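Written out below as structure tokens is the structure these notes cover.
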Amino acid sequence: MDITDAIRGDSFLKETASSSLMAITDDIMGDSFLIETASASTMDITDEIKSLIYNLQHLSFLFSKDALDQSLLSSCWYGHMHLIPFIIEAGADLETTDSNGFTPLALCILNSQECCAKLLVSKGANVEATDLNLNTPLILCALNRETGCARILLEAGADVNAVNKYGNTPLIVSSCFSSSIKVTTLLIHSRDINVDHNNNEGCSALLCAVEVVNLDAVKLLIDAGALANEDTHSEQNKKPNLSLKNIAVRKGISNMVKIFKKEKCSRQSSMLLAALKRDLESLQLLSCMNRKILNTTRESSLNNLTLFLQFLNQNNHSVSGTDIDILQILLNTALQSSPTSDEKEKVMQLAVSIGNIEIIELLAKNQCNISNEALKSTCNNLDLLKFLLKMFHSINKVDSSQKPVYEGSALEKAMHSERIANASLLIHFGAYLDVEQALNYAVDKGNEMSLQFLLTEYNAKSLECINSSDLIHIAVKNSLISIIKMLLDHGADINQIQYGKSPLTAAVDIKVIELLLSRGADINLKIGVYETYPILEFVSLDFTIALSRKWSALNPFFSNGLESYQKRTTEEIIQLLLSYGASTEVSNYCGQTALHIAAKIKNSSEIIKMLIAHGANVNKTDCCGETALFPAVQKGCLENIKILIEAGSDVNFVCDDSKETALFRTLDCTVLSLLIQSGADINFHDREGNTALLHVLQSGELEVFQVLVEAGCNLNHTNNKGVSALILAAKLVNLELLKYLITSGADVGESNHKNITVLSVLLVKLWNHLDQAIECITFLVDYSIPIVNVHSCVAHVLISSGSLSLIPRFISTGLAPAYLAISKNVYAWYKSTTYISPLALAITMNHSDLAQYLIQIRFLMKSDISILSGNKTIQEHLECEGSKRSLELLKKFCCQPLSLETLCFIVVSDVLGPSHDRKLKVKKIELPRQLQDMLLFKHALDFESPIDNAAYKRNLSVFKYSLQQMQLLESDDEDDETTSDFYSSDEDEY
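Residue 1 is where the sequence shown starts when you use the UniProt record's numbering, and the numbers rise one by one after that.
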């Protein structure tokens, strides 16, 4: 028995069902009409039919049970949708069967009555009812190719793995019929499907599909995971020859099975696998299969074609007739998906890269056009290019407006690769040539053949492009000597100015320079807005940098030897220029000659010698009035300085602009010494009256300073503003410079025309440079400098800045107590003025030790009596500020009033005042010597003095502002603060 013998055909089933229906008879008149009506193949809705439906609805007792059942079977067979619901309502059995065991649902399926089947299922028909052969409705769907009915049954929960008496499942049955492929697809995608079930003969759905050569089903089953090993079924089959391998070989589709299996593993399409194996027979079978089952999409079909062409291109063998047939099948498949013109052009490009004319012709016949990229790929194959140009007419690349463009075209590639024959052929067939672009590329890349072709064939246009662009400059920059010669031979302007350069000044290669000079380049050509000349360009630092770039390009991994290369090359070029008559006296827009430029560059001593030997004037000035010596000194080029001086450069030459000599331009000890040894005037002063010493002093470089001092410069010279070296050192608060100047003989007691002394300058610096200023002032005091022209409010400066250790020293030299006046606007122009004594300031800052000291030496003023006599306002303020120590001191003196002697001393001292003639006033009083000394505070150092310099700067901006207004402190950006309530009253309150 063959595999298909186990499955009965659908025609047999229909004949059996019809005969069983005709055998049913009934003697009841109502039954007869019902049976007759239901058995009619067609039915019109007549009044009789309407009456019948009415009777079925309301007079069902008129019909027998057998008549109803027989009518239901007939109506389901013929598809009487308008009658079936009423027959069922009248009492017909949904599961009644005919003589062959077919239920109404089975008859609907067998006669393709999908709507009736759906109605029966909705009414509760059994979806698992079987006929005499145990065929379920779902198996009958597989037999009858009823996809719609099968979907209805599956949605109703029909058993997808049910078997008939032959052991066949719905999947096995559908796999035996190619026409049932839709049912097969539906079943395979059902939940819980068993794709490997074997029937009574031991055959699975896959074996059945192979047996009947149902390739679509074979593909679906293998994709669904059906066991596809070639010998898997041998042990289970009752017949030893019924293995997958044997059946596939016998049916001639063994390669197809292998391809499907490989596709599942590799995820490559079946058609591509067959094509790559050159299996034309399998590919032909695949091309006849369902595209959806093969998962053939627009992208995959194009991909198959492209990959096969790439395969042919990579394997470098001759294309056979089989390859052409395979390509035709793949192409037909791809064309079915309507590819775009761009996609066709890409396919053609691959074909062109293979170079097979037969393939190209095949693609051309199938409307695949040639693309610009395809033409570009033929630039190395002249014969193929000729064939393509004859076959296709569109050979130009076009832009969005369909205008031909040269850039990126096949002609451009031919020109770039110097395939002149190919380029000529393309031009002959109408390819668009942009002469300017072609020239630019040929010159830039040094393509001599392309350049020669353009210059010969397009001479007029080429000459126009050459003289309107920078082609000669590009060739010079790239040191392309042969290209330069060709351009010059065809009329290129040798002195053309582009981007501020002539071809000569754009060169970095001595051979190029020599070529240009020999061909008549103007050696003294004035170039650009900066009015430069060739010799100036080659001497400049920019040319040195250009040489550095060239060296880096030639030696990317080595930097050793760069300086010697730069020096040697520059010297050779300058010597060459001078030999061709380059002028040494030409200058740029700044008036700088080649000597000026070379003087400030190190390692240019030989160039300077060459320039001088060829008549360069060492004392020629630029626009600023400087000779070449000035930049040489400023850059510290010692060898250049020596050469210039030896050649007669004036070391005392005065610059017209700054009125300085070269001595002012250096902080280098060696250069400074060389200039001095060469006769430089160390006491020469500029228009501001500054000597070189004052210039150097501002840098704080002690070693350079020492060179000038040791050379005998005037230490006490003052500039136009009265600033001497000593005062400048004080402004810098530089103790080291002060010490060196004073020990070297600078006049420390001298004051300028504004009575400014070193000491007064340092006092001004106390607030912002406390530690450094104290060190400097201490040094000056220890050095016993006379303290003259000191402001009477110095004590306030020392107290407010926290310089307490200096106070006894200043008092012992004759400093008297004085008031610091602080003004505050009251209304309009009215002001309230408060007068602060040193004692009041010390108490305010909580310096109780200092206040104790001032009281002890009687450094007091009249207002201090009020402070020491229990001023409640002051005490309340100190309590608010938390000044406990000052508060305790005041309470101590409140309990023990000042002695009469102290009060008298204060009154007399207050009358004498803080002026500079206080000493003279004391002498005129003719008091005892001891009292005179007390009034002059000469014994201030005999008392224990405070040494803590930590200033208590709370709310002291008002004092600082007043001191700044009196120029006793240097100004800064601090905001003024309002006066403390402690100082709100006038002097009379004290």
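Note that the Cβ used here is the ideal one computed from N, Cα and C, for glycine as well. Because the structure is a prediction, the values reported are computed rather than measured.
Residue i (DSSP reduced to helix, strand or coil)
| i | result |
| --- | --- |
| I691 | First, the residue type needs correcting, since residue 691 is Thr and not Ile in the sequence shown. Reduced to three states, the DSSP call for T691 is strand. |
| L21 | At L21 the pLDDT is 39, less than 50, meaning the model places this residue with poor confidence; the figure from the coordinates comes in the next sentence. The answer is helix: DSSP assigns L21 an H, G or I state. |
| N640 | helix |
| H796 | helix |
| Y565 | helix |
| H769 | coil |
| M29 | Low local confidence applies: a pLDDT of 42 at M29 is under 50, so the model's placement there is unreliable, with the coordinate-based value given in what follows. Helix at M29. |
| T813 | coil |
| I527 | strand |
| P556 | coil |
| Y819 | coil |
| F705 | helix |
| L433 | coil |
| V405 | strand |
| K397 | strand |
| S320 | coil |
| T147 | helix |
| T184 | helix |
| T593 | strand |
| S605 | helix |
Distance between residue j and residue i (C-alpha atoms, nearest Å)
| i | j | result |
| --- | --- | --- |
| M845 | S800 | 8 Å |
| L143 | K182 | 12 Å |
| A521 | G528 | 16 Å |
| S122 | E146 | 18 Å |
| L941 | L806 | 11 Å |
| M486 | I545 | 29 Å |
| Q566 | T593 | 21 Å |
| D325 | G355 | 17 Å |
| N652 | H796 | 49 Å |
| S744 | S803 | 28 Å |
| V586 | I484 | 28 Å |
| G722 | N768 | 24 Å |
| M449 | V435 | 14 Å |
| L931 | F810 | 19 Å |
| Q314 | A475 | 40 Å |
| S174 | L362 | 40 Å |
| G615 | S583 | 9 Å |
| A248 | G148 | 32 Å |
| S300 | V160 | 33 Å |
| N440 | E572 | 31 Å |
| S220 | S270 | Per the sequence presented here, residue 220 reads as Leu, with Ser not at that position. So the two alpha carbons sit approximately 12 Å from each other. |
| D470 | R419 | 25 Å |
| L302 | M391 | 24 Å |
| L62 | F33 | 11 Å |
Among the options, the one whose alpha carbon lies nearest that of residue i
| i | options | result |
| --- | --- | --- |
| M889 | N303, I727, G615, I843 | Note that residue 889 is Leu in the sequence shown here, rather than Met. Selected option, being the one with the closest Cα: I843. |
| N198 | C176, A224, N168 | N168 |
| K511 | Q896, S482, D782, A492 | S482 |
| S540 | P556, I497, N603, I494 | N603 |
| G79 | M415, S99, C116, A598 | C116 |
| V671 | V707, I573, A275 | V707 |
| L186 | V213, A158, R665 | A158 |
| I88 | I53, L480, S673 | I53 |
| K501 | L763, Y533, R291 | Y533 |
| F905 | E358, L331, K862 | K862 |
| L480 | L504, V443, N495 | V443 |
One or two residues paired with residue i in a DSSP bridge
| i | result |
| --- | --- |
| Q498 | K501 |
| K824 | S832 |
| T532 | I527 |
Closer than 8 Å to chain D by CB, residue i
| i | result |
| --- | --- |
| Y166 | Here chain D cannot be found, since the structure has a single protein chain. |
Whole runs of the alpha helix (DSSP H) within the region 646–698, excluding any shorter than 4 residues
Here the runs fully enclosed are 669–677, 692–697.
What runs of the alpha helix (DSSP H), each 4 residues or longer, lie entirely inside the region 255–290?
270–276, 280–287
Taking only runs of the alpha helix (DSSP H) that begin and end inside the region 854–932, which ones reach a length of at least 4 residues, in chain order?
862–867, 872–881, 884–895, 900–912, 918–925
Quick check for students: name the residue ranges of the alpha helix (DSSP H) that lie wholly in the region 367–396, counting only runs of 4 or more.
372–376, 382–391
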